[in-house]
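Colleague: Mind looking over this structure? Questions follow.
In UniProt numbering, the protein residues as written are 1 to 612.
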């Protein structure tokens, strides 16, 4: 399937389901957008939409015309690139929120695509300018110039990326046509998942029913609904795989995973070694599943625990309000220091207009993200807040991204150094999650409540390491098998999925088969291919940071603030050295993470025994 036929397949899929990538069609899911519960004040970025689009046009002209000649000094190159990057962040913040508020806002989506492409173009132009200047010349220019020396990591990376750069015309085509097409696939996937099927009922209550047969029926109906959409999801996912493979090969990579990992600051050899390390510790994952089954068995008397039993026997889940979030977050994040807590509290303030969230999803983009621009307080977008523990987790996770960016901006860190390896970036947000559950467990009112939050903490740690490894293994396998011609349909995807899951999960074959369309529920396969593996590394790093915060609370906050303020001007190991020790490696961090997970399992077992 070539790019044109893939695009036509997307359109056919959209028409078949009554949706278009960005068209305003009238379907059941396209009810009027729900009013936001809180809205970011976009005027802090631009007074009007027209002003933002005018700046986007001007910025595009300036980036198009920026081609430093050989006589331009390194300092001038970076100063010009920095000025453009700062402007791009401001436009991006505006259009990201605008597009996320309404999937039907075609103009905002188009502007968002343009900003993304413009950012890629700016990065390529900077790389081009640096490649023709020897690294030794940079070192000479940076001698005695601390401000310029901070960019050495970028200069080194530019040389490494040279072998995989697309020709300029091909790069422009990718930005203008191919990347938007891939984002359309993500939009269609969201719409398809929200379309009601004939006869489909809301199984939320049945999934938590006291009667086991009712729970099982609800579980099976949910997977049957996923299976009913699987052919369209397969068209999207396999089209993404073909397109990513073509782009990777055009850049000189052997396959799509190799290209995707390099874009995340990794490489295939490192990823496969890490995945093998996780597989070598699957006995620990097995112990986690066994303890979970024991808890459920003790509470319900069920011997053969199945997925539909995982919430059985649990008490009424907690419900949180936004007021609760504003109270809990500062207390939970206290180990990160007063400056961090002050910044997070300001982010959540009802009077600050830095939150954007609704009560229900409606037409809003799923998930959450942060926005930031130099000179403007960071903002937080969350699709919907319903008050569940998971919603509270999302607020602290995505808010963590916002505050990390805010601290770097306040420290004067250049926008060119505001982005780094995704695994490290995500670790800062995951640390907030771990501290949240730890705080709730410490302040629980009853032993049962304490157990709930200790379990939530261990669930999170275990998922980030083992769950992320499982998802990353499946994603890599899908792309490899599709490239080999062995995956061409939803049925093929089901088969591959069952094979991977059987190595990680304890469920019998019939349960895995009934939920074999698990692949279709992984939104990042569609939204950001090869991003999921970052959560494995993020989990490992965050677990180590959590352990360090516990072991050295007196000095942790100061060191952590310095880490965030620095931005990303060095490799991950170098940045982490002041926090976790000189000579730290991902392999060593992984070993410590497995130890921490084991200790958390011991703690849960110790709490559970007196209860039962």
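Cβ atoms here follow ideal geometry from the backbone N, Cα and C, with glycine treated the same way.
Residues bridged to residue 356 by DSSP?
Modeller: Note: residue 356 sits in a beta bridge opposite 381.
Colleague: Under a Cβ-count criterion, where at least 16 other Cβ atoms within 10 Å of its own Cβ denotes burial, should residue 489 be classed as buried or exposed?
Modeller: Exposed, since its Cβ has fewer than 16 Cβ neighbours within 10 Å.
Colleague: Please go through the same chain and pick out, in chain order, the residues whose beta-carbon is closer than 6 Å to the beta-carbon of residue 409, but skip the five residues on each side of it.
Modeller: Cβ within range, chain order: 374.
Colleague: Going by the beta-carbon positions, is the gap between residue 341 and residue 533 smaller than 7 Å?
Modeller: No, Cβ-Cβ distance for residue 341 and residue 533 is not below 7 Å.
Colleague: Using 8 Å as the threshold, is the region 593-605 in touch with the region 447-467, meaning 3 or more CB pairs across them?
Modeller: Touching, yes.
Colleague: Among all the DSSP beta bridges, which residues are the ones paired with residue 371?
Modeller: Answer by DSSP bridge pairing, in chain order: 379.
Colleague: State the DSSP-derived secondary structure class of residue 343, mapped to helix, strand or coil.
Modeller: Looking at residue 343 - three-state DSSP - the assignment turns out to be helix.
Colleague: Apply the 10 Å Cβ neighbour rule to residue 175 and answer buried if 16 or more other Cβ atoms are within range, or exposed otherwise.
Modeller: It counts as buried.
Colleague: Consider the C-beta atom of residue 604 and the heavy atoms of the ligand NAD; say whether any pair is separated by less than 6 Å.
Modeller: Among the components of this structure there are no ligands whatsoever, and the ligand NAD is therefore not found.
Colleague: Assign residue 239 to one of two classes, buried (16 or more other C-beta atoms within 10 Å of its C-beta) or exposed (fewer than that).
Modeller: So residue 239 counts as buried.
Colleague: Going along the chain, which residues of its own chain have a beta-carbon closer than 7 Å to the beta-carbon of residue 334, five neighbours each way excluded?
Modeller: Same-chain partners within the cutoff: 341.
Colleague: Between 277, 485 and 495, which has its C-alpha nearest residue 588's C-alpha?
Modeller: Among 277, 485 and 495, the Cα nearest to that of residue 588 belongs to 277.
Colleague: Expressed to the nearest angstrom, what Euclidean distance is found between the alpha-carbon atoms of residue 118 and residue 125?
Modeller: Going by the C-alpha atoms only, they are around 10 Å apart.
Colleague: Please report how far the alpha carbon of residue 580 lies from the alpha carbon of residue 216, in whole angstroms.
Modeller: Each residue's alpha carbon lies about 46 Å from the other.
Colleague: Residue 224 to residue 436, Cα distance in whole Å?
Modeller: Whole-angstrom Cα-Cα distance: 35 Å.
Colleague: For the structure I just gave you, are there three or more beta carbon pairs, one from the region 375-395 and one from the region 359-366, closer than 8 Å?
Modeller: Short answer: they touch.
Colleague: Starting from the C-beta of residue 440, find all residues in its chain whose C-beta is less than 6 Å away, skip the five residues before and the five after it, and write them out in chain order.
Modeller: So the qualifying residues of the chain are 453.
Colleague: What separation, rounded to the nearest whole angstrom, lies between the Cα atoms of residue 583 and residue 99?
Modeller: Rounded to whole angstroms, residue 583 to residue 99 spans 43 Å at the Cα level.
Colleague: Considering just the uninterrupted stretch of the alpha helix (DSSP H) at residue 189, what are its terminal residues?
Modeller: Residue 189 -> alpha helix (DSSP H) spans 179-194.
Colleague: So, helix, strand or coil for residue 225, using DSSP?
Modeller: The answer is helix: DSSP assigns residue 225 an H, G or I state.
Colleague: I'd like the list of long-range same chain contacts for residue 189, defined as Cβ closer than 6 Å, with 5 residues on each side in sequence excluded.
Modeller: So the qualifying residues of the chain are 236 and 526.
Colleague: Could you check whether residue 420 and residue 531 sit closer than 7 Å to each other, using their CB atoms as the reference points?
Modeller: Result no, Cβ atoms of residue 531 and residue 420 do not sit closer than 7 Å.
Colleague: Could you check if residue 41 is buried or exposed, using at least 16 other CB atoms within 10 Å of its CB as the buried criterion?
Modeller: Flag for residue 41 reads exposed.
Colleague: Buried or exposed: residue 67, going by 16 or more other Cβ atoms within 10 Å of its Cβ?
Modeller: Burial call: exposed.
Colleague: Under DSSP, the alpha helix (DSSP H) around residue 392 begins and ends at which residues?
Modeller: Per DSSP, residue 392 belongs to the alpha helix (DSSP H) from 389-410.
Colleague: Please work out which residues of its chain come closer than 7 Å, Cβ to Cβ, to residue 473, disregarding the five sequence neighbours upstream and downstream, and give them in chain order.
Modeller: Excluding sequence neighbours, residue 473 sits near 275 and 500.
Colleague: Look up residue 38 in the DSSP assignment and give the residues it is bridged to.
Modeller: Its beta-bridge partners are 357.
Colleague: Give me, in chain order, the residues of the same chain whose beta-carbon lies closer than 8 Å to that of residue 164; leave out the 5 immediate sequence neighbours on both sides.
Modeller: Cβ neighbours of residue 164 beyond the five flanking positions: 251, 252, 253, 259 and 262.
Colleague: Tell me which residues share the same chain as residue 515 and place their Cβ nearer than 6 Å to its Cβ, disregarding the 5 neighbours each side in the sequence.
Modeller: Excluding positions up to five away in sequence, the list reads 223.
Colleague: For residue 512, which residues in the same chain have their Cβ closer than 8 Å to its Cβ, ignoring the five residues on either side in sequence?
Modeller: 498, 501, 502 and 505, listed in sequence order.
Colleague: Please state the DSSP three-state secondary structure of residue 366.
Modeller: The answer is coil: DSSP assigns residue 366 none of H, G, I, E or B.
Colleague: Among 154, 227, 140 and 313, which one has its Cα closest to the Cα of residue 210?
Modeller: Checking every option, the nearest Cα to that of residue 210 belongs to 313.
Colleague: Would you call the region 146-166 in contact with the region 94-109, where contact means no fewer than 3 C-beta pairs closer than 8 Å?
Modeller: No contact exists between the region 146-166 and the region 94-109.
Colleague: Kindly indicate which three-state DSSP category residue 328 falls into: helix, strand or coil?
Modeller: Correct three-state label for residue 328: helix.
Colleague: Just confirm the distance between the C-beta atoms of residue 148 and residue 75, as a whole number of angstroms; I'd bet it's less than 8 Å.
Modeller: Sure, about 5 Å apart at Cβ, within 8 Å.
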